[in-house]
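Here the protein sequences come in this chain order: G and L. Here my numbering is used: the first sequence runs in plain steps of one and ends on residue 241. Here my numbering is used: the second sequence runs in plain steps of one and ends on residue 1291. We treat Cβ as the ideally placed atom computed from N, Cα and C, and that holds for glycine. To start, the structure itself, in structure tokens.
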Amino acid sequence: MIENQNKSSIIRMFHVHKDYGAKKALIDITLDISKNEFIFIRGPSGAGKTTLLKLLYLGETVSKGQVLIDGINLSRIPRKRIPFLRRKYGIIFQDYKLIATKTVFDNVALVLEAMGKKRRFIEKKVRSVLRTVGMEERLHSLPPILSGGEQQRIAVARAIVGDPKIILADEPTGNLDEDSADIILDLLKRFHTRGATVVIATHDKELIRKTSKTGGRVVHLKEGCLQKTTTSESGSDDSLL
Amino acid sequence: MILYYKRAIQDILDNRFLNAVTIITIAISILIVSAFALFFVNVNDIMGYWKKGIRIMAYLKPGIPEEKISDIKEKIQSMNGVQDAGFISKDEALMRLKKQMKRQSSLIEDLKENPLPDAFEIRTTTSSQIKDIIERLATRIESLPQIDEVEYGQRWLGRFTNIFNLLKLTGYAMGGLFFMAVVFIVSNTIRLALYSRREEVAIMRLVGATDRFIKAPFYIEGLIQGALGGIIGLLALFVTFMFISYNVELDLSFGFSTIRFLPPRVFCGIILCSMFVGWLGCYLSLKQFLK
């Protein structure tokens, strides 16, 4: 049983397996992610990137092995505590997952409302975050009338509005044009410089290349197995896990 | 809390059709149940009126001296369940009979001797107007040595009590059946509403919303739906009641008791029950949905 936490690690995965019936989605994954790290999980479609992220926010549970988030063993977390665990994260989904019937403001405010923040604080904070992502003018719009890039910016705003410790982004630029992708990446970098740990699952080499200055780690996944670790800076093999 | 109310009202406005279906379902059910309650309340009134008419007549043996009458009266009045006892002398009884017979009173005038006995007219207290209690009281009165015979119309009283109890049981059974039916219908319509918003609920969970945060507006919605359904159902019943009372020439008075609408206490009780039904329907759907 893993109980001792490496002080600089915020995410720890120990021999994690995830099976969907006979299909093995993840095989023996052991991975440490440090506080304030900028890390890419890279791999082709079906490599297990999304599954790995889901295990972190308990969208799925592990079949074998253990996951520790900020010292909390996810195998032991009571059901009632799951929402509080999820508040440590800002999650950006490839399909945005915005509520179509709620305005941009309400979508972003939802996180703070769920945290029980006061209305005045919510008003101020949501406007400020929407200003940061350049969507303040779209405050009262409904998501379906926005472009993909705009919707993803709203999703980023929703992810960062609660000042989470960890940002999980699943193919955050997957459906976007280059300009929109740059804006999203820039937002994530800015949030990283403020102290957050950023985990991005992507198959996009270009996205990794653009973050070469940050020198982030790139973890390569293939058919559910960790293959190797490189840095975005070098783009080459750095160490084997 | 204000946030939950705002969200509940916003949800009702966003899902107007489903909410309208739920409210109409509750309203129709409340209309049927409260129509039965209205019938029950009025039948109860009529029965209450009949019950008030229950008298025990205790006939004295012939030749009881006048000085003993007050003793017997005291004994009867001291009995449990007796409200008061009035002495009717045989002369007074004859006079009453004459009055009642009017034209045929000459028949009585021809009598050489008054054949009627002295008697006590005994009124019972409300709490003792149950068949068994009346019977026991009558037996006790009859056991007094000066009493010759006791009459209290036991046959019709027995039948009357049985019908009353049967009606009561029918009322409870129908109320129970409608309650279950309404809860089932409401929980299903709320489940439909939840199903249409399953993605929204899933997103809420992903951003860290607790079950309480997700459930609270649904419960408020259920209570609002219940209250609105209850009010609409009762209003429909009131309109129907007024229409029948004023426009249809029916003898609603039955000669002794006026038909009335539901008393305020029952009215409020039905609305509270309706709100409870909305809440319970919501509870059952949410329990299953958020598993």
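Candidates the options: which alpha carbon is nearest residue i's?
i	options	result
Phe1120 (chain L)	L:Leu1284, L:Ile1056, L:Gln1010	L:Ile1056
Ser29 (chain G)	G:Thr230, G:Cys225, G:Leu110	Reading off the sequence, residue 29 (chain G) comes out as Ile, not Ser. Ranking G:Thr230, G:Cys225, G:Leu110 by Cα distance to Ile29 (chain G) puts G:Cys225 first.
Phe1276 (chain L)	L:Val1183, L:Met1204, L:Ser1285	L:Val1183
Leu187 (chain G)	G:Leu142, G:Pro78, G:Arg209, G:Leu130	G:Leu130
Leu1169 (chain L)	L:Gly1278, L:Ala1037, L:Leu1262, L:Lys1006	L:Ala1037
Asp1148 (chain L)	L:Leu1166, L:Asp1091, L:Ile1185, L:Ile1072	L:Ile1072
Arg153 (chain G)	G:Phe121, G:Lys124, G:Ala201, G:Lys97	G:Lys97
Arg1205 (chain L)	G:Gly59, G:Leu207, G:Lys35	G:Gly59
Ala1236 (chain L)	L:Phe1261, L:Lys1112, L:Tyr1152, L:Ile1214	L:Phe1261
Lys228 (chain G)	G:Arg12, G:Lys23, G:Ile11, G:Leu31	G:Leu31
Arg190 (chain G)	G:Phe14, G:Asn36, G:Ile27, G:Ile99	G:Asn36
Asn288 (chain G)	G:Leu142, G:Val199, G:Phe93	Any property of residue 288 (chain G) remains undetermined from this structure, which presents chain G solely from 1 to 241.
Pro1145 (chain L)	L:Ile1214, L:Ile1069, L:Leu1097, L:Phe1179	L:Ile1069
Gly1230 (chain L)	L:Asn1044, L:Ile1024, L:Gln1010	L:Ile1024
Met1001 (chain L)	L:Glu1200, L:Pro1263, L:Tyr1152, L:Phe1213	L:Phe1213
Lys1215 (chain L)	L:Tyr1172, L:Ile1232, L:Ala1058, L:Ile1190	L:Ile1190
Gly162 (chain G)	G:Lys210, G:Lys125, G:Leu68, G:Leu52	G:Lys125
Are the C-beta atoms of residue i and some chain G residue less than 7 Å apart?
i	result
Thr1022 (chain L)	no
Asp1011 (chain L)	no
Ser1253 (chain L)	The predicted position of Ser1253 (chain L) is uncertain, since its pLDDT is 47 and thus under 50; a value taken from the coordinates is nonetheless stated next. No, Ser1253 (chain L) lies away from the interface with chain G (no Cβ there is under 7 Å from its Cβ).
Val1207 (chain L)	yes
Glu1200 (chain L)	yes
Phe1179 (chain L)	no
Phe1218 (chain L)	no
Thr1125 (chain L)	no
Ile1190 (chain L)	no
Phe1348 (chain L)	With chain L represented from 1001 up to 1291, any question about residue 1348 (chain L) goes unanswered, as that position is not in the structure.
Ile1163 (chain L)	no
Asp1045 (chain L)	no
Glu1249 (chain L)	Its pLDDT being 48, under 50, Glu1249 (chain L) is placed unreliably by the model, and nothing is read from it.
Thr1210 (chain L)	yes
Ile1203 (chain L)	yes
Asp1132 (chain L)	no
Compute the beta-carbon to beta-carbon distance between residue i and residue j, rounded to the nearest angstrom, for a pair I have assumed lies under 8 Å.
i	j	result
Cys1282 (chain L)	Phe1218 (chain L)	5 Å
Leu1003 (chain L)	Glu113 (chain G)	6 Å
Asp19 (chain G)	Ser75 (chain G)	At roughly 16 Å, the Cβ-Cβ gap does not stay under 8 Å, so Asp19 (chain G) and Ser75 (chain G) are not in contact.
Ile1259 (chain L)	Asn1015 (chain L)	That belief does not hold up - the Cβ atoms of Ile1259 (chain L) and Asn1015 (chain L) are roughly 40 Å apart, past 8 Å.
Lys54 (chain G)	Ile41 (chain G)	Incorrect: roughly 12 Å between the Cβ atoms, too far for contact.
Phe1267 (chain L)	Leu1234 (chain L)	6 Å
Gly90 (chain G)	Ala159 (chain G)	3 Å
Thr173 (chain G)	Asp204 (chain G)	6 Å
Leu1137 (chain L)	Leu1116 (chain L)	No, Leu1137 (chain L) and Leu1116 (chain L) are not in contact; Cβ-Cβ is about 23 Å, not under 8 Å.
Spell out whether any CB of chain L is found under 7 Å from the CB atom of residue i.
i	result
Ala114 (chain G)	yes
Pro83 (chain G)	yes
Arg87 (chain G)	yes
Using the Cβ count rule (16 or more neighbours within 10 Å means buried), how would you classify residue i?
i	result
Lys118 (chain G)	exposed
Thr197 (chain G)	buried
Phe38 (chain G)	buried
Ser212 (chain G)	exposed
Gly1278 (chain L)	buried
Ile1134 (chain L)	buried
Ser8 (chain G)	exposed
Met1 (chain G)	Bear in mind that the predicted position of Met1 (chain G) carries a pLDDT of just 42, short of 50, making it too unreliable to give a figure here.
Gly246 (chain G)	Chain G is shown from 1 up to 241; residue 246 (chain G) falls before or after that span and cannot be answered.
Ser1196 (chain L)	exposed
Gly1255 (chain L)	Note on Gly1255 (chain L): pLDDT 47, under 50, position unreliable in the model; no value is reported.
Phe1017 (chain L)	exposed
Ser1029 (chain L)	buried
Ile1122 (chain L)	buried
Thr1210 (chain L)	buried
Phe121 (chain G)	exposed
Lys80 (chain G)	exposed
Phe1243 (chain L)	exposed
Asp95 (chain G)	exposed
Taking a Cβ distance cut-off of 8 Å, strictly less, list which residues of the segment 152 to 167 of chain G are near chain L, in chain order. Residues are counted here when their Cβ sits less than 8 Å from a Cβ of chain L; for the segment 152 to 167 of chain G these are Arg158, Gly162, given in chain order.
Residues of the segment 92 to 110 of chain G with a CB closer than 7 Å to any CB of chain L: list them in chain order, please. Cβ contacts with chain L: Lys97, Ile99, Thr101, Leu110.
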